[in-house]
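Peer 1: Mind having a look at this structure? Questions to follow.
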Amino acid sequence: MNLQAGQEVRKVMEVAAGVLLRADGSVLLGQRPEGKAYAGWWELPGGKLEPGETVLQALARELKEELGIDVTAATTWVTHEHTYPHATVRLHFCRVTGWHGEPRGLESQDVQWVQAWRAETSAITAAVNAREARIAALAPDASPEAHVAATALSVEEGLGLTLSPPVGPLLPATLPPMRWLQVPDIYGITGIDNPDNLSAFMHKLDSALARGLRLVQFREPGWPEGPNAPSLLAVLRDVIERTHAAGGRVLVNSVHPAAWWNEADGVHLRASDASGPRPDIAPGSWVGVSVHAAHDLANARKLDADFVALGNVLPTPSHTDRAPLGWQQFAALNLQAGLPVFALGGQGPDTLATAIGHGAHGIAAIRGVWDE
């Protein structure tokens, strides 16, 4: 490796981090005890991988040592690097959905189950003002830890969320998974195609929302009047109204005009539209990206996407000209993603468990989601 003068080779610390999830959606956080770096900050439980351990083996050992529980159900989820002033950590976030025992702090740490909710605008504004005040008061000779404390984003400012019950500051590396947990695990993609199909599709949409669907991508490139047609905008508004009434979100595919994106809850970028910066959309909006290869994943990370849809994983009628990735290649690319990955292509509720078992956040589908 060729290094420029003054450059430093920093060792990356491999860490298994557990996202313990209860049925009500709450997540377990632990407060770092006195005597540790960043004492008083809150984080997800976990710790370093020992030589020869797999991620899930390290996770099970750490949660036994820290919380006194025996893990019975866990899957790898997102691998994410974060650089602190003192270290770079590669965090292997794992979703933990089954365990024996009641989690309790065995290493002098407090633990707390929390739930995340959308923050009010006033709370976000207050958080922004508080951080600006901390930065202004920072002494020129402040320690690296003090710099992190002053500049760290709160959940309100960084994520547009409020935690209940409230806890103290979250370690910066804990913010991304709290954000990702807001993304549902099933992503329905519209495929109306023609006004003649509109009534039948709206019935399918209502049925899917009644079954729990909470994330919809509006994607209609083949609309007879074109993807910019006023008649299609009227359809989008109907989809938004129905989805919002059910408590869900709608993202607009980037084949449609940018002016439509803020009418919904964000945008889903085609891979060809994702080589630039993050789109200038309303605060709190989401950005998804379609990806097919490693370079697409790199683009999605650069623009700070909220998630990607990777495919096609299995054979699908919409892409007969493209060889499917298969689950092994999907899992390999998922490890490089650094953010949640939906499996796309040949997917439906019946493949959700398989997708999650290969590290996926969930599944995305044009057809499989709408079938009753």
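So the sequence shown is numbered by the working numbering: it starts at 46 and just counts up by one.
Ideal placement from N, C-alpha and C gives every residue a C-beta, glycine not left out.
Lys249 by DSSP, collapsed to three states: which one?
Peer 2: Walking along the sequence shown from the start, residue 249 turns up at place 204. DSSP places Lys249 in helix when its eight states are reduced to three.
Peer 1: Is the stretch 74-86 in contact with the stretch 152-166, if contact means three or more CB pairs nearer than 8 Å?
Peer 2: The stretch 74-86 vs the stretch 152-166: in contact.
Peer 1: Quick check on Gly402: does DSSP put it in helix, strand or coil?
Peer 2: On the sequence shown, residue 402 is found 357 positions in, with the first residue counted as 1. Helix at Gly402.
Peer 1: In chain order, what residues of the same chain have a beta carbon less than 6 Å from the beta carbon of Leu226, not counting five sequence neighbours either side?
Peer 2: By one-based count along the sequence shown, residue 226 stands at place 181. Excluding positions up to five away in sequence, the list is empty.
Peer 1: Note down the Cα distance separating Met46 from Thr361, rounded to an integer number of angstroms.
Peer 2: As a first step, residue 46 is located in the sequence shown; it is residue number 1 there, counting from the start. As a first step, residue 361 is located in the sequence shown; it is residue number 316 there, counting from the start. Because the pLDDT at Met46 is just 39, under 50, the model does not fix this residue reliably, and the point stays unresolved.
Peer 1: Considering only DSSP beta bridges, list what Trp86 is partnered with.
Peer 2: On the sequence shown, position 41 is the one that residue 86 refers to. BP columns for Trp86 are empty, so no partner.
Peer 1: Can you check which of these residues, Ala382, Leu355, Arg224, is closest to Leu445 by C-alpha distance?
Peer 2: Because the chain here runs from 46 to 417, residue 445 falls outside it and cannot be looked at.
Peer 1: Helix, strand or coil for Ala187? Go by DSSP, reduced to three states.
Peer 2: Against the sequence shown, residue 187 aligns to sequence position 142. Residue state, collapsed to three classes: coil.
Peer 1: Is the beta carbon of Arg140 sitting closer than 8 Å to the one on Leu250?
Peer 2: On the sequence shown, position 95 is the one that residue 140 refers to. On the sequence shown, position 205 is the one that residue 250 refers to. Not in contact: Arg140 and Leu250 (Cβ atoms no closer than 8 Å).
Peer 1: In angstroms, rounded to a whole number, what distance separates the CA positions of Gly91 and Ala194?
Peer 2: Numbered from its first residue, the sequence shown carries residue 91 at position 46. Numbered from its first residue, the sequence shown carries residue 194 at position 149. C-alpha separation (whole angstroms): 22 Å.
Peer 1: Look up Ala427 in the DSSP assignment and say whether it is helix, strand or coil.
Peer 2: Residue 427 is absent from the structure shown; the chain starts at 46 and stops at 417.
Peer 1: Should the stretch 268-276 be regarded as contacting the stretch 284-292, the criterion being three or more beta carbon pairs within less than 8 Å?
Peer 2: No, because fewer than three Cβ pairs between the stretch 268-276 and the stretch 284-292 fall closer than 8 Å, the two stretches do not touch.
Peer 1: Consult DSSP for Asn298 and reduce its assignment to one of helix, strand or coil.
Peer 2: Position 253 of the sequence shown, counted from the first residue, corresponds to residue 298. Strand at Asn298.
Peer 1: For Leu397, which of Leu378, Trp372, Leu380, Ala377 has the nearest alpha-carbon?
Peer 2: Within the sequence shown, numbered from 1, the residue matching residue 397 stands at position 352. Checked all of Leu378, Trp372, Leu380, Ala377; the closest Cα to Leu397 is Trp372.
Peer 1: Within the same chain, show all residues whose beta-carbon is closer than 7 Å to that of Gly402, passing over the 5 residues directly before and after it, in chain order.
Peer 2: Indexing the sequence shown from 1 puts residue 402 at position 357. Closer than 7 Å at the Cβ level, and outside the excluded window around Gly402, lie Thr120.
Peer 1: Three or more C-beta pairs closer than 8 Å, one from the stretch 208-220 and one from the stretch 84-101: is that the case here?
Peer 2: Output reads yes: the stretch 84-101 touches the stretch 208-220.
Peer 1: Which term fits Ser335, buried or exposed, when burial requires 16 or more other beta carbons within 10 angstroms of its beta carbon?
Peer 2: Taking the first residue of the sequence shown as position 1, residue 335 is located at position 290. Per the 10 Å Cβ criterion, buried.
Peer 1: According to the neighbour-count rule (16 or more other Cβ atoms, all chains shown, within 10 Å of its Cβ), is Gly407 buried or exposed?
Peer 2: Indexing the sequence shown from 1 puts residue 407 at position 362. The residue is buried, with at least 16 neighbouring Cβ atoms inside 10 Å.
Peer 1: Cβ of Ile401 within 7 Å of any heavy atom in the ligand FMN?
Peer 2: Among the components of this structure there are no ligands whatsoever, and the ligand FMN is therefore not found.
Peer 1: Going by DSSP, which residues form a beta bridge with Gly91?
Peer 2: Locating residue 91 in the sequence shown gives position 46, where the first residue counts as 1. Its beta-bridge partners are Ala62.
Peer 1: If you drop the 5 nearest sequence neighbours on each side, which residues of the same chain put their C-beta closer than 7 Å to that of Asp310?
Peer 2: Numbered from 1 along the sequence shown, position 265 holds the residue referred to as residue 310. Excluding sequence neighbours, Asp310 sits near Arg294, Val295, Leu296, Ser330, Trp331.
Peer 1: Am I right that His313 and Gln381 are in contact with their C-beta atoms under 8 Å? What's the rounded C-beta distance?
Peer 2: Sequence index remark: in the sequence shown, residue 313 carries index 268 (1-based). Sequence index remark: in the sequence shown, residue 381 carries index 336 (1-based). Not quite, the Cβ-Cβ distance comes to about 20 Å (not below 8 Å), so this is no contact.
Peer 1: What's the call for Asp349, buried or exposed, on a 16-neighbour Cβ count within 10 Å?
Peer 2: Along the sequence shown, read from residue 1 onward, the residue named residue 349 stands at position 304. Looking at its Cβ environment, which holds fewer than 16 other Cβ atoms inside 10 Å, Asp349 is exposed.
Peer 1: To the nearest angstrom, report how far apart Leu277 and Glu147 are at their CA atoms.
Peer 2: In the sequence shown, residue 277 corresponds to position 232, counting from 1. In the sequence shown, residue 147 corresponds to position 102, counting from 1. Cα to Cα, Leu277 sits roughly 52 Å from Glu147.
Peer 1: Between the C-alpha atoms of Pro322 and Lys347, what's the straight-line distance to the nearest angstrom?
Peer 2: For the purposes of this step, residue 322 is taken as residue 277 along the sequence shown, with counting starting at 1. For the purposes of this step, residue 347 is taken as residue 302 along the sequence shown, with counting starting at 1. Answer to the nearest angstrom: the Cα atoms are 7 Å apart.
Peer 1: Name the two residues that bound the continuous alpha helix (DSSP H) containing Ser363.
Peer 2: Residue numbering aside, residue 363 sits at position 318 when the sequence shown is read from its first letter. Note, Ser363: premise wrong, no alpha helix (DSSP H); not H, not E.
Peer 1: Which residues does DSSP pair with Ser209 in a beta bridge?
Peer 2: As a working mapping, residue 209 is identified with position 164 in the sequence shown. Answer is Gln160.
Peer 1: For the stretch 233-297, list the alpha helix (DSSP H) runs that are entirely contained and at least 4 residues long, ordered along the chain.
Peer 2: Complete alpha helix (DSSP H) runs here, min 4: 243-255, 275-290.
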